[in-house]
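A quick write-up on the structure given underneath.
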Amino acid sequence: MDGPKNAEPGKRICAGLLAHVDTGKTTLSEALLYMAGELRQPGRVDHGDSFLDSEPLERSRGITIFSKQARLSRNGTDITLLDTPGHVDFAAETERALSAMDCGILVISANEGVQPHTETLWKLLRRYRIPVFIFVNKMDLAIHPKEEILGELRTRLGGGCVDFQMQSREALEDALTLNSEALTEEMLTEGTLSDEAVASAVSGREIYPCYFGSALKCEGIDALLDGLVRFAPARPAGKKFGARVFKVARDENGERVTFVRITGGRLAVRDTVDGGKIHQIRLYSGMKYRTVEQAEAGMICGLTGLTRTKAGMGLGAEEDAAEEILEPFLFCHVRFPDGVDAHRGLQDFRQLAEEDPKLDVSWDEAAGAVAIRMMGQVQLEVLTYLAEERFGYRVEFDSGKIVYKETMTPEAETVEGVGHFEPLHHYAEVHLLLEPGERGSGMTFLTDCPEDELDRNWQRLILTHLRERQHRGVLIGAPVTDLKITLAAGKSHRKHTEGGDFREATYRAVRQGLMQADCCLLEPWFEYRLEVPAENTGRAMADVKRMHGSFQEPERAGEMTVLRGKAPVSEMKEYSRELQGYTGGRGRLNCVLSGYERCHNEREVIEAAEYCPERDVENTADSVFCLHGGSEIVNWKDAPAHMHLPPVLEQRAAGQGAQGTEAEQLRAMAREYSRRAADDRELMAIFERTYGPVKQNPLTAPGAARRKRPERTGFEPVQKEVRKVKASRPRSRFVLVDGYNLIHAWPELAELAKTDFGGARDRLIEILCNYQGFTQAQVIVVFDAYRVRGGTGSRERVRNIDVIYTKEAETADMYIERVTHEIAKENDVRVVTSDGLEQMIILGHGATRVSSREFVEEIRLIDQAIREVMNTVN
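Per full-length UniProt numbering, the very first residue in the sequence shown carries number 1; after that it's consecutive.
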């Protein structure tokens with residue numbers, strides 16, 4: 001850490017610029033380009049000549065509306081700056097750009113400090129695990145000293161905020177070691193900190209480098225650039241081609257451009273991606289670009305020729321991005337001018353929705369108009385501008401309405417939703433368990449249905465149908481959220497079931513469950529910062545209470561009072577006008593969406609909606625049965641009595657008594673197991689007190705490799721014509737486990753397998769070792785390796801169980817069938833699998849089978865029994 005060093009050759013990083021509006025973010029981008037030698041002189045937002053804010057509307061309003069890129073080079077490092085919108089109405093555009101970033105530069109005004117939207121950006125950066133550099137701007141106008149500003153950053157954002165412009169290297173190293181154990185360890189061993197170690201701490205979000213300066217006067221810019229070169233992490237690149245789409249736009253000629261970050265491999269012109277051929281690869285810097293023949297990992301580029309891409313999509317080896325958390329909370333209808341029919345307008349706005357998917361453009365049948373979702377009034381002004389510029393007509397919008405949501409109340413009990421679809425030559429039945437999720441968790445879909453009852457392909461299809469649709473609630477027909485839906489049972493027909501049948505049954509099951517559930521209404525809430533003159537404090541507090549909001553202890557800021565808290569969007573969205581009136585234009589209100597909470601006037605909203613769920617034929621809860629030789633629709637209330645499968649919840653309730661009996665048996669086994677262990681320890685202690693310590697034989701010590709030696713037969717006198725009678729050998733107990741089948745059936749292991757398949761396998765082996773120690777059965781776990789070319793298979797002994805990896809072209813099913821056939825005649829064999837065909841085969845061999853789900857429950861009961869006994873002993 002002695003000073004600037006050249007980065008490794010070919011290093012590429014993408015640094016995103018993020019900020020609350022009016023903090024000088026665009027001015028900072030101009031200063032960075034100027035200090036890197038890319039501009040002859042920096043532009044200014046107030047002069048309308050900034051390099052990145054090139055759209056006329058951006059220059060006229062003085063804000064960034066569309067994310068853009070600029071390229072610069074510093075000490076051998078290629079840096080792509082990704083400038084994002086700062087206004088809260090365009091926060092979704094900012095969130096989409098995060099997937100392309102290696103790190104973020106969070107810009108904060110020295111006098112304004114951490115604003116509500118700053119905290120929203122911080123939460124997004126934390127959710128996507130993006131390393132952060134902080135630049136405190138406008139220090140030339142600061143009224144607070146650097147130390148006080150840094151203290152606020154540590155309080156509001158985290159203790160890892162460290163001033164990287166300290167004059168003393170020793171002071172900087174001391175500050176760094178206070179926030180990172182890894183850096184402390186390196187300091188103790190090496191006596192100093194390397195750039196690599198600091199960069200690792202920055203990458204792990206233990207350290208947030210802070211720089212102070214003035215973008216307008218280019219102060220502190222060199223330090224920030226050097227910090228990016230030295231400490232900004234570059235994302236590791238894959239060998240296979242992969243890319244993440246973060247933006248779709250149209251150029252000045254109306255050509256569709258897909259903006260991507262190349263995450264691995266290479267991409268060349270004329271390559272085929274997602275069914276389209278690449279025409280051009282563009283490297284943008286502002287509005288200008290140059291074309292290249294190929295793009296490599298780490299590059300941010302625009303692609304032409306692709307027509308089906310959308311933001312968040314993964315190309316090649318890259319997976320699709322996780323679902324975004326920011327979403328519009330208002331919706332309105334579009335009014336088109338005379339001469340523009342609704343069909344044309346719908347198509348035009350769907351083209352705009354390609355660039356901003358959160359618009360969620362749809363046709364509202366009831367209103368007979370095009371409906372969109374939006375974040376605020378500024379966004380509507382931008383849409384008006386875009387429609388006039390691109391399509392040649394001016395649109396208007398009605399007053400926005402709140403987007404409500406529905407969910408189950410937190411105290412609601414689990415309900416079973418059932419759906420049956422059986423017109424002539426069709427068949428599907430689905431049973432779902434609906435229960436409330438945590439607030440803000442969204443929709444969670446799981447399966448707890450044995451594969452011997454419903455094939456895996458049908459289960460996957462049902463989960464697909466659950467995810468593909470925005471399910472509607474039963475209070476006002478609003479989208480449902482924060483629910484956990486579990487597939488508990490299902491039934492198909494070998495001859496008549498088709499894919500669409502399960503779609504119908506699934507939709508009806510969700511709806512039928514919601515009709516039974518205890519539901520409530522949710523509405524969006526603002527997190528606000530309200531600044532008013534001290535003499536207006538009482539009025540402001542009274543207004544917040546009137547709006548059913550809350551506030552913290554008022555803060556004094558000179559002659560002003562600051563209130564922070566939450567309030568419903570429906571009450572506060574028009575409050576700015578009232579605020580300007582009674583404060584004489586001195587009051588300021590900053591609001592960001594906090595999330596959805598319980599609706600403060602639920603009854604009024606439900607009555608005003610006049611929604612009847614039973615009349616909503618598009619979202620019916622009724623089922624279709626084949627009765628009396630024809631298809632009949634059965635009301636959702638009567639449908640459970642006609643189902644072909646028994647109710648899952650009733651079965652589970654009835655099975656609790658039997659399960660309790662089994663649990664008692666397991667507890668007795670556990671008590672006996674613990675008693676034997678205690679007796680053995682006590683006898684050994686008495687023996688050693690009497691005869692001294694026992695020396696272990698290295699051949700028989702626990703964990704040692706045992707050597708084969710002749711079995712002792714004892715003394716046998718010579719006898720004439722002794723007729724030997726073969727004694728009956730006691731039957732051994734074997735448990736054969738289909739390893740990967742069990743991993744996928746175990747929710748915790750299946751979740752771990754998504755990120756670390758080897759870790760899930762090791763965890764299963766550890767669990768089975770404990771199972772063997774308790775039951776004393778011989779456990780064999782088999783893992784598929786049939787896709788490993790040239791694989792000869794292997795067998796290893798892990799503690800007290802055998803682990804088998806099959807050879808090439810041999811599946812775990814095939815191995816288990818072969819071994820079962822060999823040993824089931826003279827031994828008691830249990831096979832753990834949920835493969836229906838395999839279960840039939842092993843039953844024919846004389847073995848017993850247990851489904852993976854039942855085996856998971858058995859292990860859980862054993863663990864519970866052991867814990868109870870050990871707690872009693874301790």
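Beta carbons are placed, not taken as given, at the ideal position from N, Cα and C, and that holds for glycine. What you are looking at is a predicted structure, and each value in this text was computed from that prediction instead of being measured.
Self-check item: For residue 627, the three-state DSSP class (helix, strand or coil)
Solution: Counting from one through the sequence shown, the residue named residue 627 turns up at place 627. Looking at residue 627 - three-state DSSP - the assignment turns out to be strand.
Quiz prompt | Buried versus exposed, by CB contacts within 10 Å (16 or more), residue 534 | solution = To locate residue 534, count along the sequence shown from 1; it is residue 534. Under a 10 Å Cβ-count criterion, residue 534 is classified as exposed, with fewer than 16 other Cβ atoms of the shown protein chains found around its own Cβ.
Self-check item: As assigned by DSSP and simplified to three states, the class of residue 565
Solution: The count along the sequence shown starts at 1 and reaches residue 565 at position 565. If DSSP states are grouped into helix, strand and coil, residue 565 belongs with the strands.
Quiz prompt | Proximity to residue 220 [Cα-Cα], best of 140, 181, 260 and 249 | solution = Counting from one through the sequence shown, the residue named residue 220 turns up at place 220. For the residues 140, 181, 260 and 249, the minimum Cα distance to residue 220 belongs to 140.
Quiz prompt | Nonlocal neighbours in the same chain, by C-beta distance under 7 Å from residue 831, ignoring five residues either side | solution = As a first step, residue 831 is located in the sequence shown; it is residue number 831 there, counting from the start. 736, 816, 820, 842, 847 and 849, listed in sequence order.
Exercise. Since I believe residue 563 is in contact with residue 530 (beta carbons under 8 Å), could you give me their beta-carbon distance rounded to a whole number of angstroms?
Key: What you label residue 530 is simply residue 530 of the sequence shown in a count that begins at 1. What you label residue 563 is simply residue 563 of the sequence shown in a count that begins at 1. That pair is a contact at about 4 Å.
Exercise. Report yes if the CB atom of residue 435 is closer than 9 Å to the CB atom of residue 490, and no otherwise.
Key: For the purposes of this step, residue 435 is taken as residue 435 along the sequence shown, with counting starting at 1. For the purposes of this step, residue 490 is taken as residue 490 along the sequence shown, with counting starting at 1. Against a cut-off of 9 Å, the Cβ pair of residue 490 and residue 435 comes out as no contact.
Quiz prompt | Anticipated Cβ contact below 8 Å, residue 525 with residue 495, distance rounded | solution = Taking the first residue of the sequence shown as 1, we reach residue 525 at position 525. Taking the first residue of the sequence shown as 1, we reach residue 495 at position 495. In fact, because the Cβ distance is near 52 Å, the residues do not count as touching under 8 Å.
Quiz item: Ordered along the chain, which non-local residues of its own chain (more than five positions away) have a Cβ less than 6 Å from that of residue 324?
Solution: Counting from 1 along the sequence shown, the entry for residue 324 is found at position 324. Counting only Cβ-Cβ distances below 6 Å, and skipping sequence neighbours, we find 95.
Quiz item: What is the DSSP secondary structure of residue 130, reduced to helix, strand or coil?
Solution: As a position in the sequence shown, residue 130 is number 130, starting the count at 1. Of the three classes helix, strand and coil, the one that applies to residue 130 here is coil, per DSSP.
Quiz item: Is residue 769 close to chain C, meaning its C-beta is less than 9 Å from at least one C-beta of that chain?
Solution: The displayed structure is made up of one protein chain only, and chain C is not part of it.
Quiz item: If you draw a straight line from the alpha carbon of residue 647 to that of residue 862, how long is it in whole angstroms?
Solution: Working through the sequence shown from its first residue, we reach residue 647 at position 647. Working through the sequence shown from its first residue, we reach residue 862 at position 862. In a straight line, the C-alpha of residue 647 is about 27 Å away from that of residue 862.
Quiz item: Less than 9 Å separating the beta-carbons of residue 780 and residue 756?
Solution: Locating residue 780 in the sequence shown gives position 780, counting from the first residue. Locating residue 756 in the sequence shown gives position 756, counting from the first residue. Not closer than 9 Å, so no.
Practice problem: Alpha carbon to alpha carbon, how far is residue 117 from residue 321? Give it in angstroms, no decimals. | Solution: As a working mapping, residue 321 is identified with position 321 in the sequence shown. As a working mapping, residue 117 is identified with position 117 in the sequence shown. Going from the Cα of residue 321 to the Cα of residue 117 covers about 23 Å.
Practice problem: Use the C-beta contact count for residue 888: other C-beta atoms within 10 angstroms, 16 or more gives buried, fewer gives exposed. | Solution: This structure gives no information on residue 888, because the portion of the chain shown stretches from 1 to 874.
Practice problem: Report the rounded CA-to-CA distance for residue 451 versus residue 460, giving the unit in angstroms. | Solution: In the sequence shown, residue 451 corresponds to position 451, counting from 1. In the sequence shown, residue 460 corresponds to position 460, counting from 1. Taking the straight line joining both Cα atoms gives about 11 Å.
Quiz item: Which ranges would you report for the beta strand (DSSP E) in the stretch 493–541 if only whole runs of at least 3 residues count?
Solution: 519–533
Quiz item: Distance, Cα to Cα, residue 444 vs residue 538?
Solution: Taking the first residue of the sequence shown as 1, we reach residue 444 at position 444. Taking the first residue of the sequence shown as 1, we reach residue 538 at position 538. So the two alpha carbons sit approximately 44 Å from each other.
Quiz item: For residue 415 versus residue 516, is the C-beta spacing smaller than 9 Å?
Solution: Against the sequence shown, residue 415 aligns to sequence position 415. Against the sequence shown, residue 516 aligns to sequence position 516. Yes, the pair counts as a contact, with Cβ atoms nearer than the cut-off.
Quiz prompt | N- and C-terminal bounds of the beta strand (DSSP E) containing residue 379 | solution = Translated into the one-based positions of the sequence shown, residue 379 becomes position 379. No beta strand (DSSP E) contains residue 379, which is instead part of the alpha helix (DSSP H) from 377–391.
Practice problem: Tell me the start and end of each unbroken beta strand (DSSP E) in the stretch 187–241 that is at least 3 residues and wholly inside, in chain order. | Solution: Listed in chain order, they are 208–212.
Self-check item: Endpoints, the alpha helix (DSSP H) within which residue 349 is located
Solution: Position 349 of the sequence shown, counted from the start, is the residue given in the question as residue 349. Unbroken alpha helix (DSSP H) run through residue 349: 342–355.
Self-check item: Where residue 268 falls: helix, strand or coil (DSSP)
Solution: Locating residue 268 in the sequence shown gives position 268, where the first residue counts as 1. Strand at residue 268.
Self-check item: Inter-stretch contact at 8 Å, needing at least 3 Cβ pairs: the stretch 290–309 / the stretch 264–272
Solution: They touch, by the three-pair rule.
Quiz prompt | For residue 818, the residue or residues it bridges with in DSSP | solution = By one-based count along the sequence shown, residue 818 stands at place 818. Paired residues: none, contrary to the question.
Self-check item: Backbone CA spacing between residue 556 and residue 172 [nearest angstrom]
Solution: For this step, residue 556 is matched to residue 556 along the sequence shown. For this step, residue 172 is matched to residue 172 along the sequence shown. Using only the alpha carbons, I get a separation of about 33 Å.
Quiz item: Hey, residue 286 and residue 68: beta-carbon distance below 9 Å or not?
Solution: Within the sequence shown, residue 286 is the residue found at index 286, counting from 1. Within the sequence shown, residue 68 is the residue found at index 68, counting from 1. Their beta carbons are under 9 Å apart, which means residue 286 touches residue 68 by this criterion.
Exercise. Excluding the 5 residues preceding and the 5 following residue 15 in the sequence, name in chain order all residues of the same chain whose CB lies nearer than 8 Å to its CB.
Key: Position 15 of the sequence shown, counting from 1, holds the residue named residue 15. Here the set comprises 79, 80, 81, 82, 101, 102, 103, 104, 105, 133, 228 and 232.
Practice problem: Measure from the alpha carbon of residue 569 to the alpha carbon of each residue in 550, 342 and 554, then state which is nearest. | Solution: Residue 569 sits at position 569 when you count from the first residue of the sequence shown. Considering only alpha carbons, the answer is 550.
Exercise. Give the DSSP bridge partners of residue 69, in chain order.
Key: Looking up residue 69 in the sequence shown gives position 69. Per DSSP, 82.
Practice problem: Can you grab the Cα-Cα spacing for the pair residue 317 / residue 243, in whole Å? | Solution: Taking the first residue of the sequence shown as 1, we reach residue 317 at position 317. Taking the first residue of the sequence shown as 1, we reach residue 243 at position 243. The alpha-carbon atoms of residue 317 and residue 243 are separated by roughly 8 Å.
Practice problem: Spell out a yes or no on whether the stretch 375–388 and the stretch 477–484 are touching, meaning 3 or more CB-CB pairs, one atom from each, closer than 8 Å. | Solution: no
Exercise. Can you have a look at residue 272 and say buried or exposed, based on whether 16 or more other CB atoms are within 10 angstroms of its CB?
Key: For this step, residue 272 is matched to residue 272 along the sequence shown. So residue 272 ends up on the exposed side.
Exercise. For residue 543, name the three-state secondary structure that DSSP assigns.
Key: Within the sequence shown, the letter at position 543 stands for residue 543. DSSP places residue 543 in helix when its eight states are reduced to three.
Quiz item: Nearest to residue 503 by alpha carbon, out of 542, 546, 428 and 238?
Solution: Position 503 of the sequence shown holds residue 503. Residue 428 is the option with its Cα nearest to residue 503.
Quiz item: With residue 478 and residue 472 assumed to form a contact (beta carbons below 8 Å), what rounded beta-carbon distance in angstroms separates them?
Solution: Locating residue 478 in the sequence shown gives position 478, where the first residue counts as 1. Locating residue 472 in the sequence shown gives position 472, where the first residue counts as 1. Their Cβ separation, rounded to whole angstroms, is 7 Å, which keeps residue 478 and residue 472 in contact under 8 Å.
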